[in-house]
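Trainee:
Protein chains: 2
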Amino acid sequence: MDALTAEHLDREASLRRRYGAAAPSVGPWNETITRLLEHRSVRAYRADPVPAGTLETLIAAAQSAATSSNMQWWSAIAVTDPSTKKALAEIAGGQKHIEQCPLFIAWVADMARNQRISEEQKADFECMPWLETFMVACIDVALAAQNAVVAAESLGLSTVYIGAMRNDPVRVAGLLGLPQRSFVVFGLCVGYAMAEAAGEVKPRLPQGIVLHREHYAVGREAALRSPYDAEMAVFSQRHELQAATWTQRVLNRLGPIRSMNGRERMRTALATLGFEIR
Amino acid sequence: MDALTAEHLDREASLRRRYGAAAPSVGPWNETITRLLEHRSVRAYRADPVPAGTLETLIAAAQSAATSSNMQWWSAIAVTDPSTKKALAEIAGGQKHIEQCPLFIAWVADMARNQRISEEQKADFECMPWLETFMVACIDVALAAQNAVVAAESLGLSTVYIGAMRNDPVRVAGLLGLPQRSFVVFGLCVGYAMAEAAGEVKPRLPQGIVLHREHYAVGREAALRSPYDAEMAVFSQRHELQAATWTQRVLNRLGPIRSMNGRERMRTALATLGFEIR
Chain A
1 MDALTAEHLD REASLRRRYG AAAPSVGPWN ETITRLLEHR SVRAYRADPV
51 PAGTLETLIA AAQSAATSSN MQWWSAIAVT DPSTKKALAE IAGGQKHIEQ
101 CPLFIAWVAD MARNQRISEE QKADFECMPW LETFMVACID VALAAQNAVV
151 AAESLGLSTV YIGAMRNDPV RVAGLLGLPQ RSFVVFGLCV GYAMAEAAGE
201 VKPRLPQGIV LHREHYAVGR EAALRSPYDA EMAVFSQRHE LQAATWTQRV
251 LNRLGPIRSM NGRERMRTAL ATLGFEIR
Chain B
1001 MDALTAEHLD REASLRRRYG AAAPSVGPWN ETITRLLEHR SVRAYRADPV
1051 PAGTLETLIA AAQSAATSSN MQWWSAIAVT DPSTKKALAE IAGGQKHIEQ
1101 CPLFIAWVAD MARNQRISEE QKADFECMPW LETFMVACID VALAAQNAVV
1151 AAESLGLSTV YIGAMRNDPV RVAGLLGLPQ RSFVVFGLCV GYAMAEAAGE
1201 VKPRLPQGIV LHREHYAVGR EAALRSPYDA EMAVFSQRHE LQAATWTQRV
1251 LNRLGPIRSM NGRERMRTAL ATLGFEIR
């Protein structure tokens, strides 16, 4: 087998890990694509610290992402203090990897910084109190964080997003000393994966369901979901996850309000934190 | 000068393009980091189509991003039809690059797909009508799109996000045939940059303003903003942008409500599109 064939087979295997039998054929490709496709969330970390300068590199990558009108609506808080990480892990329902990881980054939708300019310059900012502006802040922070994730993984580090910071945004804000009009959208554990926890790529919906051409089309969605359900059932069994199929997981996650862990109170929490979201 | 020194100087230059004089020192690094730091938004494209299979590769990268509870709250619509692109460009206030680029991807916060499972399975989804769930959909789509941007740039393509799809979400939804409970969060132009439009890396706020340690601290923010304002004034002059300093740009962008281009009506538009955001 020549090198080109081997490379092609590697790429096919990469797509198959992500999509199972529904994988598309290999298109334009390079090492970056391989790495993006190999992403997995890691929930167990070695104690080793991240190398000096890593945080600054991740933030430089994050700041290099696009930001709407260059408003740069976000801040990052690097947390390494064990007692803070312990408290954050409790808020997240006991996610031990938050305590374990050497570096935890809290990603903040920060409307406080630009608001300070309003006060300093004695200029009323009419554009602040709207759903649109709030959305832009959340989107900006997500684009930035994803660049940091890509950078971290390229350096051999692992990550996992912690959405459960939103279980209690007010308490998280208190712990991190956030000013009004800022809140932690999600956290991110960063560190070296324990060998046994490096995990497996999680299969996703086939492109036939997610990607539309020219217009949205439900098309063969139900038919395409069945093999994905089967794929996820096998994955779930291997990983001792509760829900067998993906459809069942959707039913469990979105059916009963209790699965929101109190996050249905987000609007109230954000109002407490000074956000107007008209 | 040996190769290692040259490499180090390249990395320093890369940070200096992003931060000016406030650049942090070079930390852990590789080719991926260089590429992330070199990101720039491109607003003029050659007519050349993207190579066959590119779209599928970008979507595979996008689907490899983390997604909250694997709910996969998004769809992508690939638009190449000139008349649709023309209409979208008009909605975006005449952004010609939408017509020009060979591939336009509309990134959809798609709560319709999971809602179809609720109907098919005759199960009430109590978790749907909340601000939290809406936010998660927007965040999921942003993480995915950013992976597609990283993939595109690694393949030598250029991109620019089009937030102005939100100038009229209802009309955009109509053009793309979106079902209720879905909307285009932003678009993305993909293509080959015209040589003269490859542009320049835009300086960002110094890390001393954006990155906090253990707790949020306003610290030397005002002092650090002055050199950034000076940096952006030079950049603006070179690019014939209106606002001189960054502070002035923030004042222009967030002061008068007219700079929202009608997006203060987002809540009403989303209600029309079937979103409940309690």
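Residue numbers (this note's numbering), protein chains in the order written: chain A, 1 to 278; chain B, 1001 to 1278. Beta carbons are placed, not taken as given, at the ideal position from N, Cα and C, and that holds for glycine.
1) Cβ atoms of A:Cys138 and B:Ser1139: under 8 Å apart, would you say?
2) For B:Lys1122, would you say it is in contact with chain A, using Cβ-to-Cβ distances shorter than 8 Å as the test?
3) If contacts are defined as beta-carbon pairs under 8 Å, then A:Val170 and A:Val141 qualify, I think. What distance do you get, rounded to the angstrom?
4) Closer than 7 Å by C-beta to B:Met1194: which residues in its own chain qualify, once you throw out the five before and the five after it? Chain order, please.
5) If you follow the alpha helix (DSSP H) that A:Phe235 is part of, which residue opens it and which one closes it?
6) Identify the contact partners of B:Arg1267 in chain A, using a Cβ-Cβ distance below 9 Å as the criterion.
7) Is the beta carbon of A:Leu88 closer than 8 Å to that of B:Ile1059?
8) Closer than 8 Å, CB to CB, is B:Asn1167 near chain A or not?
9) Under 7 Å: does the beta carbon of B:Gly1255 sit that close to some heavy atom of the ligand NAP?
10) Can you say whether B:Asp1124 is buried or exposed, counting buried as having 16 or more other CB atoms within 10 angstroms of its CB?
11) Using a Cβ-Cβ cut-off of 6 Å (strictly less than) and excluding sequence neighbours within five positions of B:Ser1182, which residues of its own chain qualify?
12) Only counting runs of 4 or more residues, tell me where the alpha helix (DSSP H) segments fall wholly within the region 107 to 183 of chain A, in order along the chain.
13) Assuming B:Ser1014 is part of the alpha helix (DSSP H), what are its boundary residues?
14) Please identify, using Cβ separations under 9 Å, the residues of the region 1014 to 1026 of chain B that lie next to chain A, in order along the chain.
15) Please confirm if B:Val1250 has its CB atom under 8 Å from at least one CB of chain A.
16) May I ask which residues mark the beginning and end of the beta strand (DSSP E) holding B:Ser1075?
17) Does any residue of chain A bring its CB to less than 8 Å from the CB of B:Lys1202?
18) Using the Cβ count rule (16 or more neighbours within 10 Å means buried), how would you classify B:His1097?
19) Quick check: what's the CA-CA separation for A:Pro179 versus A:Ser83?
20) Interface residues of chain B around A:Glu264 at Cβ under 8 Å?
21) Take the Cβ of B:Val1172 as the centre, count every other Cβ of all protein chains shown within 10 Å, and call the residue buried at 16 or more, exposed below.
22) So, for B:Leu1048: in the same chain, excluding its five sequence neighbours on each side, which residues have a beta-carbon less than 8 Å away from its beta-carbon?
23) Give the C-beta separation of B:Ile1033 and B:Ala1076 to the nearest angstrom, bearing in mind that I take them to be a contact with Cβ-Cβ under 8 Å.
24) Can you pull the chain A residues whose beta carbon is under 9 Å from the beta carbon of B:Ala1060, in chain order?
25) How about B:Glu1056: is its C-beta nearer than 8 Å to some C-beta of chain A?
26) On the CB-based measure, 16 or more other CB atoms within 10 Å of its CB, does A:Gln72 come out buried or exposed?
27) Indicate whether the contact test is met: 3 or more Cβ pairs, each with one atom in the region 114 to 121 of chain A and one in the region 1251 to 1260 of chain B, closer than 8 Å.
28) Would you kindly work out how many angstroms separate the C-alpha atoms of A:Glu126 and B:Leu1157, rounded to a whole number?
29) Considering only their Cβ atoms, is the gap separating A:Leu36 from B:Ala1061 smaller than 8 Å?
30) Report the three-state DSSP secondary structure of B:Leu1273 (helix, strand or coil).
31) So, helix, strand or coil for A:Val42, using DSSP?
32) What do you get for B:Lys1085, buried or exposed, if any count of 16 or more other CB atoms within 10 angstroms of its CB means buried?
33) Identify which residue in B:Ser1068, B:Gly1177, B:Gly1262 and B:Ala1152 has its Cα closest to the Cα of B:Thr1054.
34) Comparing the C-beta of A:His212 with each C-beta of chain B, is any distance below 8 Å?
35) Contact criterion: CB-CB distance below 8 Å. Does A:Leu155 meet it with respect to chain B?
36) Here's a check: name, in chain order, each residue in its chain whose Cβ is nearer than 6 Å to the Cβ of A:Arg11, leaving out the five neighbours to either side.
Mentor: According to the structure shown:
1) Note that residue 1139 of chain B is Ile in the sequence shown here, rather than Ser. Yes, Cβ-Cβ distance for B:Ile1139 and A:Cys138 is below 8 Å.
2) The beta carbon of B:Lys1122 sits no closer than 8 Å to any beta carbon of chain A.
3) With 8 Å as the limit, A:Val170 and A:Val141 do not qualify as a contact, their Cβ atoms being about 18 Å apart.
4) Result list for B:Met1194: Ala1044, Tyr1045 and Arg1046, in chain order.
5) Start and end: Glu221 to Arg238.
6) Here the neighbours are Trp130, Leu131, Glu132, Ile277 and Arg278.
7) It is not a contact, given that the beta carbons lie outside the stated cut-off.
8) Not one chain A Cβ lies under 8 Å of B:Asn1167.
9) The model depicted lacks the ligand NAP and carries no ligand whatsoever.
10) It is exposed - the Cβ of B:Asp1124 has fewer than 16 other Cβ atoms within 10 Å.
11) Cβ neighbours of B:Ser1182 beyond the five flanking positions: Val1108, Asp1110 and Ala1112.
12) Runs found: 112 to 120, 131 to 154 and 169 to 176.
13) Unbroken alpha helix (DSSP H) run through B:Ser1014: Ala1003 to Tyr1019.
14) Flagged, chain order: Ser1014, Leu1015, Arg1018, Tyr1019, Ala1023, Pro1024, Ser1025 and Val1026.
15) B:Val1250 counts as touching chain A.
16) That run of the beta strand (DSSP E) goes Trp1074 to Val1079.
17) Output row for B:Lys1202: interface = yes.
18) Buried: at least 16 other Cβ atoms inside 10 Å.
19) Cα to Cα, the separation comes out at about 21 Å.
20) By Cβ distance, chain B contributes Cys1127, Trp1130, Glu1132 and Arg1278.
21) Taking all protein chains in view, the Cβ of B:Val1172 is crowded by 16 or more other Cβ atoms within 10 Å, so the residue is classified as buried.
22) This sequence places Asp at residue 1048 of chain B; Leu is not what is there. Correct list, in chain order: Pro1102, Gly1191 and Tyr1192.
23) At roughly 27 Å, the Cβ-Cβ gap does not stay under 8 Å, so B:Ile1033 and B:Ala1076 are not in contact.
24) Annotation: Cβ neighbours of B:Ala1060 in chain A (cutoff 9 Å, chain order): Ser14, Leu15, Arg18, Tyr19, Ala23, Pro24, Gly27, Ile33, Leu36, Leu37, Arg204 and Gln207.
25) Yes, its Cβ sits closer than 8 Å to a Cβ of chain A.
26) For A:Gln72, the number of other beta carbons within 10 angstroms of its own is at least 16, and it is reported as buried.
27) When Cβ pairs closer than 8 Å are counted between the two stretches, the region 114 to 121 of chain A is seen to touch the region 1251 to 1260 of chain B, the count reaching three or more.
28) Distance between the alpha carbons of A:Glu126 and B:Leu1157: 37 Å.
29) In this structure, A:Leu36 lies closer than 8 Å to B:Ala1061 by Cβ.
30) DSSP places B:Leu1273 in the coil class of the three-state scheme, outside both helix and strand.
31) In the three-state reduction of the DSSP assignment, A:Val42 falls in the coil class.
32) Label assigned to B:Lys1085: buried.
33) When only C-alpha atoms are compared, the closest one is B:Ala1152.
34) Taking a beta-carbon distance threshold of 8 Å, A:His212 counts as an interface residue toward chain B.
35) It does: the Cβ of A:Leu155 has a partner Cβ on chain B nearer than 8 Å.
36) For A:Arg11, where only same-chain residues beyond five positions count, the Cβ hits under 6 Å are Val26 and Trp29.
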